[in-house]
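Count the sequence shown with my numbering and you get residues 7 to 326, in order.
Worksheet: the structure to be examined is printed underneath.
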Amino acid sequence: MSASRAVTVTEINDPTSVGEGFRELQMDAVLLHGQSLQARRVMIQLPSSTLVYHWTSQALRTRTTVPHGRMAFATFGPKSTGTADGMAIDPGHIYVASGSSEVCFVVAANYEGITFLTPSEFLEAQLKARGRNTDKFRFNGSQLVRSNGFSSQELHALRRRVVDTAVQRPEVFEDPQTKLAVEVELIDGLLAALGPADDGAARTKGYTHQCYSELVKRAEEYALSHTDSQIHVSDLCVAMAVSERTLENAFNEVMGMPPKSYLMRVRLHRVRQALRTAAPHATSVTREAMRWGFWHFGDFSRSYKKCFGESPSKTLRQRG
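Put into structure tokens, the structure is as follows:
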């Protein structure tokens, strides 16, 4: 086992040890074929939630109990096969289990699953802040849910990038703001996959283009004045006193893109500004990227180059 305060990587070679030292879920496993097992668990502690990755080299039966007061949302690798409570595992679905539910997984070799565990109250607060109908997200027991818009495979790929970063650079997750940035992105991705924002018509009644423009301006100012904390879409909704649908309509009409995409571009510009104006040897690309909420440095570098036509390291070298 290797561990930091936020990231724990556990190599498992005995099915009877699968639940040992694992407090986030009660888990029991039976090896179905073969005599040797290679399995891996990566657990990432975030401010309010936990992300758990599992991979197994052999077919397994597991019984897993979700803690009371928590919700579990599992996505599956593109080649994962098996069943969950008798339902066929489908990478096109998200598996949802409510607190105190016991789930029986029977999975084939090379199964990969990533589960996002979050308090029910935290999820409900996010939904209410966005003006969403919380009744649509009241899950009892366990079930497979078809993703909408942002696909379950896109969500799984996002989670996998988080896991890969945690394994390769666990020190990144020792920074509180980075952990919060990751949690914000995971929550936004989950809610996008579970369903579009509520509130009907393509244009919110009573809003003119000028009103939308003012709303976008205030939302941008709010986001940039809170660089010491990562901003959820729900935070913007509360601060602007609008629903998620209204916020999306405003950004799409004024900026031609949703709020997350536009605010990411603004943050890229702030990183570039910091790199261009830094005194020689006074900062680094990593430091400025993390300061502005970028935790996956490969994605950050690609986005930066696409936006500015050069790598962030080149920008900094030119300054030096």
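For glycine and all other residues, C-beta sits at the position ideal for the given N, C-alpha and C.
Give me the DSSP bridge partner(s) of residue 16. Residue 16 has 47 as its beta-bridge partners, per DSSP.
Under the assumption that residue 296 contacts residue 171 (Cβ atoms under 8 Å), give the Cβ distance between them as a whole number of angstroms. Their Cβ separation, rounded to whole angstroms, is 12 Å, which puts residue 296 and residue 171 out of contact at 8 Å.
What number of angstroms, rounded off, separates the C-alpha of residue 48 from the C-alpha of residue 312? If you take the alpha carbons of residue 48 and residue 312, they lie about 31 Å apart.
Give every residue of the same chain whose Cβ lies closer than 6 Å to the Cβ of residue 51, excluding the five residues on either side of it in the sequence, and list them in chain order. Counting only residues of its own chain and dropping the five nearest sequence neighbours on each side, residue 51 has a CB closer than 6 Å to the CB of 12.
By the 10 Å Cβ neighbour count, where 16 or more other Cβ atoms means buried, how is residue 255 classified, buried or exposed? So residue 255 counts as buried.
So the alpha helix (DSSP H) residue 333 belongs to, where does it begin and stop? What the structure shows of the chain is the stretch from 7 to 326, and residue 333 is not part of that stretch, so it cannot be assessed.
Which word fits residue 278, buried or exposed, when buried means at least 16 other C-beta atoms lie within 10 angstroms of its C-beta? With 16 or more other Cβ atoms inside 10 Å of its own Cβ, residue 278 counts as buried.
Since residue 253 and residue 225 should fall inside the 8 Å C-beta cutoff, what is the C-beta to C-beta distance between them, to a whole number of angstroms? With a Cβ gap of about 7 Å, residue 253 and residue 225 count as contacting.
State the start and end residues of the unbroken beta strand (DSSP E) segment that holds residue 149. For residue 149, the uninterrupted beta strand (DSSP E) segment begins and ends at 148-152.
Taking Cβ positions, are residue 81 and residue 100 nearer each other than 9 Å? Taking 9 Å as the Cβ cut-off, residue 81 and residue 100 qualify as a contacting pair.
Minimum C-alpha distance to residue 319 - residue among 300, 290 and 302: Of 300, 290 and 302, the residue nearest in Cα terms is 290.
Taking all protein chains shown into account, decide if residue 243 is buried (16 or more other Cβ within 10 angstroms of its Cβ) or exposed. Residue 243 comes out buried.
Within 10 angstroms of its Cβ, does residue 141 collect 16 or more other Cβ (buried), or is it exposed? Exposed is the call here.
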